[in-house]
Amino acid sequence: MDNLDNALTVEENLYIYGRYFGLSKSFIRPKIEELLDFAQLVEKRGVKVEALSGGMKRRLTIARALVSEPEILMLDEPTTGLDPQARHILWDRLFRLKEQGVTLLITTHYMDEAEQLCDRLMVMDKGSIMAEDSPAGLIKTHSTKEVLEVRFGSDRNAVVAPELRELCDRIEVLPDRILMYADDGEELLHQLNQKGLHPLTSLVRRSSLEDVFLRLTGRTLID
Amino acid sequence: MAQVAPRQGSLKLVNTERIKSRGAFAVVEARVMIFMKYLPALLSVAVANPFLYLLAVGVGVGKLINAHSGGVDGVKYLTFLAPALLATAAIQNALDEVVFPTLEGFKWNKNFFAMNATPISAKQIANGVLIAAMTRVLFSVTVYGTIIFLFGGFTTARGWLAIPTALAAAAAFGAFIMGIAAWTTNDDQFFMVLNRFIIMPLFLFSGTFYQLSSMPIYLRWVGWLSPLWHCTELGRYLTYGHHISAYMFAFHIVYIIAMFTFGMNFAHRQFTKRLSR
Chain A
46 MDNLDNALTV
56 EENLYIYGRY
66 FGLSKSFIRP
76 KIEELLDFAQ
86 LVEKRGVKVE
96 ALSGGMKRRL
106 TIARALVSEP
116 EILMLDEPTT
126 GLDPQARHIL
136 WDRLFRLKEQ
146 GVTLLITTHY
156 MDEAEQLCDR
166 LMVMDKGSIM
176 AEDSPAGLIK
186 THSTKEVLEV
196 RFGSDRNAVV
206 APELRELCDR
216 IEVLPDRILM
226 YADDGEELLH
236 QLNQKGLHPL
246 TSLVRRSSLE
256 DVFLRLTGRT
266 LID
Chain B
3 MAQVAPRQGS
13 LKLVNTERIK
23 SRGAFAVVEA
33 RVMIFMKYLP
43 ALLSVAVANP
53 FLYLLAVGVG
63 VGKLINAHSG
73 GVDGVKYLTF
83 LAPALLATAA
93 IQNALDEVVF
103 PTLEGFKWNK
113 NFFAMNATPI
123 SAKQIANGVL
133 IAAMTRVLFS
143 VTVYGTIIFL
153 FGGFTTARGW
163 LAIPTALAAA
173 AAFGAFIMGI
183 AAWTTNDDQF
193 FMVLNRFIIM
203 PLFLFSGTFY
213 QLSSMPIYLR
223 WVGWLSPLWH
233 CTELGRYLTY
243 GHHISAYMFA
253 FHIVYIIAMF
263 TFGMNFAHRQ
273 FTKRLSR
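Chains as they are written, first to last, in the working numbering: chain A, 46 to 268; chain B, 3 to 279.
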């Protein structure tokens, strides 16, 4: 929840938060300019918080936390509920903070977010740590280089699964599609076609953290 | 692009010792910034309310009483009424300024949690809210006092002494109610109970419009419990020499201090408990 002070404007929220940290007015004034710029809220400076969109409020909440120049920033699902554009703006801003040397501690359900922002990450399931490494390291250890996603239609997925299993070491049968793990996805698709198995749709992609999560916890993030 | 100063880092920037001693004033500053937003409304309420009230009760009813019995307690009705009116207005203002921010801070908007994420402590938030409320009370009561003065309610300069007694009533009651507002999770019922079963009876049965001694004994306990009665008695003693024994004079003061101390402790406990959830 973005617990900003609704009665105050964007600028005043930044100002008063600085005051809570005991900072002097002469320090806060230029800091506000820097933070408004950072949060891309310069034009909204005099607007009451109530009138902001969800993404703006989230950016302001993060900008507010930066007023005291923290060494560590803890973010609990920072982009949950934001539209894709707002997420990308926020990721960009968080990445800049990382570049400035601020340590970010993020909890998230979005694997793409973790992949974008984290140097090290821990996969947790039901309170226990399942794995810990860099995003690339985790993918390398727990998944293949590529993934072939095929759909045969909801009814047929389970039926063809045994035949697919013969073609690669690991497959995951999801309700709507089958994931086939291989180092060369195109080659695997070729083999599939040669065997006379023609999926309705197919997609070759790189392995992602989502595949790691699936491997480690045995369930998709949709659960 | 704004000029970006080199990072100093919070360890260097934030002086936690200073916040320990002065943190409550940052909360006051926030509250005052909000007051300033509705200053015209605050001003008009501060002037219009007492003006209308004094016109109706002080002058209208007062004329009737002065004509029939030559005033109350040896003075004209408005002089008798003034300390009670000031204390009532002070309490009402204090309640507005402790109840709404507290409910908002804990429930509606949760901004107390944001404050508490800084080095500001739960106690400092409670202190800040009360100090800010008292600044508004001081403002309103001074306006009210001036209007009473213009209506001829203060026969001597001592009349102004009803302002400190009104402030005392507001502080004692405000602290206690702030604790209750922090404790409550059901704000709908809270307002109903507060207004119907606490504010109204206190206003009516605390010797506001007539002396408590003219009430039947089985109703007087409301006044004895009420900070309004204790402060009104003190105010009447100070402003026009209403008779109270030395023992009662001391008792009124002790009661108000005790209520304030208890209220503040209670509020501190509730704020701390709620913010650590």
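Beta carbons: idealized from backbone N, C-alpha and C, even for Gly.
Within chain A, the residues N48, N51 have their CB atoms less than 7 Å from the CB of N111(B), given in chain order. Sixteen is the threshold: since fewer than 16 other Cβ atoms of the shown chains lie within 10 Å of the Cβ of K240(A), the residue is exposed. Ranked by Cα distance from R90(A), the options D137(A), E191(A), E56(A), S247(A) are led by E56(A). Short of 6 Å from the beta carbon of M266(B), and not among the five residues preceding or following it, lie these beta carbons of its own chain, in chain order: A177.
C-alpha of N48(A) to C-alpha of T189(A): approximately 42 Å in a straight line.
In this structure A92(B) does not touch V34(B) by the C-beta definition: roughly 18 Å separates them, more than the 8 Å allowed. In this structure, DSSP gives S247(A) an extended state, which the three-state scheme calls strand. Looking at G230(A), F140(A), A206(A), H235(A), the one whose alpha-carbon comes closest to that of I223(A) is A206(A). Interface with chain B (9 Å Cβ-Cβ cutoff): K143(A) is excluded. Shown here for A128(B): same chain residues with a beta carbon closer than 6 Å to its own, the five before and five after excluded, namely A269, H270, F273 in chain order. In the DSSP assignment, S173(A) falls within the unbroken beta strand (DSSP E) covering 173-178. According to the DSSP secondary-structure assignment, A227(A) is paired through a beta bridge with E191(A).
Distances from the CA of V131(B) to each of T18(B), H254(B), E31(B), F253(B) were compared; the closest alpha carbon is that of E31(B). Near chain B, meaning a CB-to-CB distance below 7 Å, the residues of the stretch 99-129 of chain A are S113, E114, P115, E116.
Two segments are said to touch when three or more pairs of C-beta atoms, one from each, lie closer than 8 Å; by this definition the stretch 142-155 of chain A does not touch the stretch 40-47 of chain B. Here L149(A) is bridged, per DSSP, to L118(A).
Cα atoms of G11(B) and D121(A): separation of roughly 22 Å, rounded to the nearest angstrom. Close CB contacts of L261(A) within its chain, under the 8 Å cut and outside five residues either way in sequence, are with V168, D170, M175, A176, H187 (chain order). Between the C-alpha atoms of L81(A) and F175(B) there is a straight-line separation of about 41 Å.
For E217(A), the enclosing beta strand (DSSP E) stretches over residues 215-218.
With respect to chain A, the C-beta atom of L44(B) has no partner C-beta closer than 9 Å. For D256(A), the uninterrupted alpha helix (DSSP H) run begins and ends at 254-262, by DSSP. At a cut-off of 3 residues, the continuous stretches assigned as beta strand (DSSP E) that sit fully inside the stretch 76-146 of chain A are 117-121. For G198(A), same chain residues with a beta-carbon under 8 Å away, outside a window of 5 residues either side, are L245 in chain order. Buried is the label assigned to I122(B), since at least 16 other Cβ atoms lie within 10 Å of its Cβ.
Any Cβ of chain B closer than 9 Å to the Cβ of G91(A) would place that residue at the interface, and such an atom is absent. Shown here for R251(A): same chain residues with a beta carbon closer than 8 Å to its own, the five before and five after excluded, namely K190, E191, V192 in chain order. The count of Cβ pairs closer than 8 Å, one atom from the stretch 214-226 of chain B and one from the stretch 132-152 of chain B, stays below three, leaving the stretches out of contact. Of the candidates C163(A), E158(A), R64(A), C163(A) places its Cα closest to the Cα of K143(A).
The three-state secondary structure of D170(A), taken from DSSP, is strand. Residues of chain A with a Cβ closer than 8 Å to the Cβ of T120(B) are, in chain order, Y62, Y65, F66, S113. The beta carbon of E79(A) sits closer than 9 Å to some beta carbon of chain B.
Think of a sphere of 7 Å around the beta carbon of E57(A): the chain B residues whose beta carbon falls inside it are M35, in chain order.
Taking all protein chains in view, the Cβ of N118(B) is crowded by 16 or more other Cβ atoms within 10 Å, so the residue is classified as buried. At a beta-carbon threshold of 9 Å, the residues of chain A lying near I21(B) are Y65, F66, G67, ordered along the chain.
Minimum Cα-Cα distance from A248(B) among the listed residues A260(B), E235(B), V100(B) corresponds to E235(B).
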